[in-house]
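In my numbering, the protein residues as written are 32 to 516.
Report on the structure given below.
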Amino acid sequence: MSTLSVLAVASEAYPLVKTGGLGDVVGALPAALAHEGIRTTTMLPGYAAVLDALRDATIVHSYDYLQGAPAHVLAGRAGGLDVLVLDAPHLYARSGNPYVAADGTDWPDNAQRFAALGAAAADVARGVAAGCTPDIVHAHDWQAAMAIALLHYGEGRRPGTVMTVHNLAFQGKFAPSLLAELGLPARAFAADGVEYYGDIGYLKAGLALADRITTVSPTYAAEIRAVEHGMGLDGLLRHRRGIVSGILNGIDTAIWNPTRDPHLAATYDNRRLARRPANRVALQHRMKLHADADALLIGVVSRLTWQKGMDLLVESLPALLAHGAQLALLGSGEFGIEEALTAAAQEHPGRVAVEIGYDEPLAHQVQGGVDVLMVPSRFEPCGLTQLCALRYGAVPLVARVGGLADTIVDANEMALASGAGTGLVCEAGSAGALQAAVERAVALRRDATAWRQVQLRGMKTDVTWARPARHYAALFRTLAAERAG
Ligand code: ADP
Ligand code: GLC
């Protein structure tokens with residue numbers, strides 16, 4: 032098996048910078064691909080957190096002028112990854128989130144910030160950085176997509192290009208006047224190029240011009256070809272359906288490992304499941320929930336947005352409480368949803384606990400302590416928290432959509448009779464269906480043996496990156512062979 036070299040381009044990578052699952056995926060995939068004989072170099076913006084972590088840095092390319100000022104491409108190691116870092120302080124050296132300012136609004140120069148990332152990635156792909164001549168450029172989400180457009184319209188070396196969509200809701204749509212600044216020819220502003228409803232669409236450009244498109248689950252790959260989930264790009268995705276595929280995410284089972292999780296009150300595994308309830312007690316204590324061993328303890332670890340169906344959860348709270356359930360929720364997001372949840376916690380002390388914020392240790396404690404991990408998304412490209420839940424023996428209760436539908440097997444009566452079922456699956460977008468699923472969970476948990484079997488099947492489910500990495504490797508190798516061809 033010959034070694035293949037991939038340049039991954041992304042705006043976040045765990046543990047350096049993460050706002051969601053994208054960071055987890057970009058951080059974990061390289062190690063899994065290494066087992067498949069694929070060497071990944073990950074190109075990231077030079078945020079302070081990335082530059083601080085960078086070791087053995089050398090300058091491999093310099094710009095006198097890149098979107099407003101000089102910039103350098105640095106090669107080195109950071110966060111366990113081989114990285115190329117675009118050091119451009121005028122674009123990335125600022126406190127706060129990679130995408131938004133402290134007040135929650137998009138950075139006004141996001142078009143330039145991620146055009147620069149794409150341009151530097153395209154230059155590296157063409158071979159400007161000694162020691163890096165990738166066979167494949169793997170662009171993650173709109174922030175990286177311009178690399179594909181620039182390679183398409185530019186001259187010189189042209190590796191295979193793969194556009195991975197983690198979430199079609201975020202598209203990077205900017206004014207058409209930007210075209211020249213992007214270094215694209217006038218002909219690029221066309222329906223089969225970067226033009227998108229009169230604007231420039233970064234993700235659209237990547238989708239139109241990549242050699243392959245992947246999304247993070249087979250069901251989402253199908254869903255986005257229809258108007259309901261296509262977010263305006265369904266026509267293009269239908270047109271390109273022959274090169275679109277879905278590859279499920281995995282999780283990093285070194286980080287998500289209940290056998291050795293430093294954040295848990297008690298570690299456990301499938302042979303020592305009796306140790307798990309100590310985590311429930313600790314979680315209830317920490318989140319000031321009543322120390323009730325019988326209540327169905329429901330956990331949520333999520334961005335608090337419409338996508339995640341968090342408004343449906345708010346609407347369903349009275350019904351959940353009527354079933355005797357408790358809620359332990361960790362998340363942050365839209366102000367209105369945060370406010371409604373905080374109000375519910377005040378109204379139902381000891382039964383509804385809400386922690387607004389981002390807290391990795393608490394995310395682990397929720398997974399290790401709750402009975403049910405709820406993911407009631409309206410759409411979900413893949414979802415990672417339900418995979419963590421499987422591993423931690425928290426029974427996932429999820430909406431039948433996207434990657435949730437592909438990863439959780441509903442424990443209905445016939446499934447149970449045939450020794451199958453890893454969670455509870457309900458119709459997406461319906462508060463009534465969510466409530467009915469909670470009722471099913473309450474009933475199922477009364478049968479301690481059946482419940483334990485569901486937990487154990489979940490814990491034995493392969494949620495590692497091994498299988499997905501094989502799919503990516505096969506895709507990369509096919510594409511590289513085609514280009515060599
Ligand atoms: P998305 O990327 O759409 O937000 P995913 O389920 O793919 O959803 O990934 C979310 C990731 O972020 C998971 O690793 C999850 O544990 C983590 N996460 C989400 N919210 C929080 C939070 N408030 N605190 C800690 N981790 C969080
Ligand atoms: C996005 C999606 C989520 C997916 C993650 C990683 O943020 O919302 O479903 O798991 O990307 O691919």
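C-beta atoms are modelled at their ideal positions from N, C-alpha and C, and glycine is treated no differently.
Keep in mind that this is a model prediction, so the values were computed, not measured.
Between residue 511 and residue 231 a beta carbon distance of about 29 Å is seen, past the 8 Å cut, so the two are scored as non-contacting. Counting only heavy atoms of the ligand GLC, the residues whose C-beta sits closer than 7 Å to one of them are, along the chain, 51, 52, 53, 55, 56, 197, 198, 247, 280, 338, 411, 412, 413, 414, 415, 433 and 434. Going by beta carbons, residue 63 and residue 500 fall inside the 8 Å limit. Rounded to the nearest whole angstrom, the CA to CA distance from residue 78 to residue 370 is 31 Å. Each of 61, 147, 296 and 44 was checked against the Cα of residue 181, and the nearest Cα belongs to 147. Annotation: the continuous alpha helix (DSSP H) that includes residue 397 extends over 391-400. Contact between residue 40 and residue 71 does not hold, since the beta-carbon distance rounds to 11 Å and is not under 8 Å.
Scanning its chain for C-beta atoms nearer than 6 Å, with the 5 sequence neighbours on each side dropped, one finds around residue 514 the residues 191, in chain order. For residue 333, there is no enclosing alpha helix (DSSP H); the residue is part of the beta strand (DSSP E) that begins and ends at 328-335. Scanning 494, 481 and 52 for the CA closest to the CA of residue 285 turns up 494.
Annotation: the stretch 430-488 contains the following complete segments of the alpha helix (DSSP H) (minimum length 4 residues), in chain order: 433-438, 444-448 and 462-477.
In this structure, the ligand ADP has no non-hydrogen atom nearer than 7 Å to the beta-carbon of residue 43.
Membership of residue 499 in the alpha helix (DSSP H) is indicated by the continuous run 497-515. Using a 10 angstroms sphere on the CB of residue 45, the tally of other CB atoms reaches 16 or more, which defines it as buried.
Distance from the CA of residue 138 to the CA of residue 132, rounded to the nearest whole angstrom, comes to 6 Å. Secondary structure note for residue 387: its beta strand (DSSP E) is the uninterrupted segment 383-387. Residue burial annotation: residue 101 is exposed, with fewer than 16 other C-beta atoms found within 10 angstroms of its C-beta. Each of 172, 179 and 122 was checked against the Cα of residue 150, and the nearest Cα belongs to 179.
Judged by beta-carbon spacing, residue 411 lies within the 8 Å limit of residue 433, meaning their Cβ atoms are closer than that value.
Residue state for residue 422 is assigned as helix, using DSSP reduced to three classes. Per DSSP, the unbroken alpha helix (DSSP H) holding residue 174 starts and ends at 172-184. One thing to note: residue 435 has its Cβ no nearer than 8 Å to the Cβ of residue 469. Within the same chain, and ignoring the five residues on either side of residue 342 in sequence, the residues whose Cβ sits closer than 7 Å to its Cβ are 368. Membership of residue 341 in the alpha helix (DSSP H) is indicated by the continuous run 341-353. Taking 7 Å as the cut-off, the C-beta of residue 403 does not count as close to any heavy atom of the ligand ADP. Contact annotation: residue 123 and residue 76 have beta-carbon atoms nearer than 8 Å. Contiguous alpha helix (DSSP H) elements confined to the stretch 43-99 occur at 52-65 and 79-84, taking only those with 4 or more residues. Counting only the Cα atoms, residue 438 lies some 16 Å from residue 197. Annotation: the stretch 229-258 contains the following complete segments of the beta strand (DSSP E) (minimum length 3 residues), in chain order: 230-232 and 243-246. Taking 8 Å as the cut-off, the Cβ atoms of residue 376 and residue 385 count as close.
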